[in-house]
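Residue numbers (full-length UniProt numbering): 1 to 251.
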């Protein structure tokens, strides 16, 4: 079942649309990624799903319920949590206090929910009394993801959760993303690193110049000449391998 459905979304800033007529679905218990070059509109699309930006066309549904016009601060109550790339934790609060803030949309027992979150993020339980500002960048990203889970979302949207992290911590973050999906949550990841996306996701959408250029199961997207698509070149007769294509995108 698709926990998230976005239909014909156009969005941007002022009168200048950045995202144009983009449709997307994210099934429960699966990882869906959006990849594309810088400036493709990936983060704009994520902010539109989260209610930070209003779409000029289209609609957004979570579990079949239209949330397109729901105020952004109420969207977590409707089952969608969003983790921005930057400034994603309250640095002066402890880990535990951050999680308590994240639990406000949930109607369940916050103590029980925190225990559930700690089962997914055991290292955070050990650090629960530390100030978030004293955590490493990778630990802060994990805390932001954990805080989003406190709302018991059906859908979690992560905007470049591994940006700027070491390879070792990048692996840790992706492992946790897999665990979140394994709990039945639909996970939508905005990802700059195509190789990571193709390794960990089940479904991929390729956003170029604000449009959904290609989408499908990861096995199908991996066969495409993504470097050519990103650069706007017709390289359908290219003999470049998938590996070299991915390498050229990531570097």
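Glycine included, each C-beta is placed from N, C-alpha and C at the ideal position.
Note that the coordinates shown come from a computational prediction; the quantities given were computed from them, not determined experimentally.
query	result
For a minimum of 4 consecutive residues, which ranges assigned as the alpha helix (DSSP H) are wholly contained in the stretch 64 to 138?	95 to 102, 110 to 120 and 122 to 126
Please go through the same chain and pick out, in chain order, the residues whose beta-carbon is closer than 8 Å to the beta-carbon of residue 94, but skip the five residues on each side of it.	128, 129, 130, 131 and 132
Let me check understanding here. Comparing Cα to Cα, which of 216, 14, 159 and 36 lies closest to residue 53?	14
Which of helix, strand or coil does DSSP assign to residue 179?	helix
Does DSSP classify residue 251 as helix, strand or coil?	The pLDDT assigned to residue 251 is 44, lower than 50, so where the model puts this residue is not dependable, and the model offers no usable value.
Please report the Cβ distance between residue 60 and residue 49, rounded to the nearest whole angstrom; I am assuming they are in contact, meaning their Cβ atoms lie under 8 Å.	6 Å
Out of 170, 148, 212 and 224, state which residue places its alpha-carbon closest to the alpha-carbon of residue 200.	170
Mind checking residue 33: buried by the 16 CB within 10 Å criterion, or exposed?	buried
Going by the CB atoms, is the gap between residue 188 and residue 218 shorter than 8 Å?	no
Identify, in the order they occur along the chain, each residue of the same chain with its Cβ nearer than 7 Å to the Cβ of residue 72, setting aside the five sequence neighbours on each side.	50, 51 and 52
Figure out for me which residue from 121, 206, 163 and 210 has the closest Cα to the Cα of residue 229.	206
Taking the C-alpha atoms as reference points, what is the distance between residue 27 and residue 209?	25 Å
How should residue 239 be labelled, buried or exposed, when 16 other C-beta atoms within 10 angstroms of its C-beta is the threshold for buried?	Its pLDDT being 39, under 50, residue 239 is placed unreliably by the model, and nothing is read from it.
Where do the ends of the beta strand (DSSP E) carrying residue 31 lie?	31 to 35
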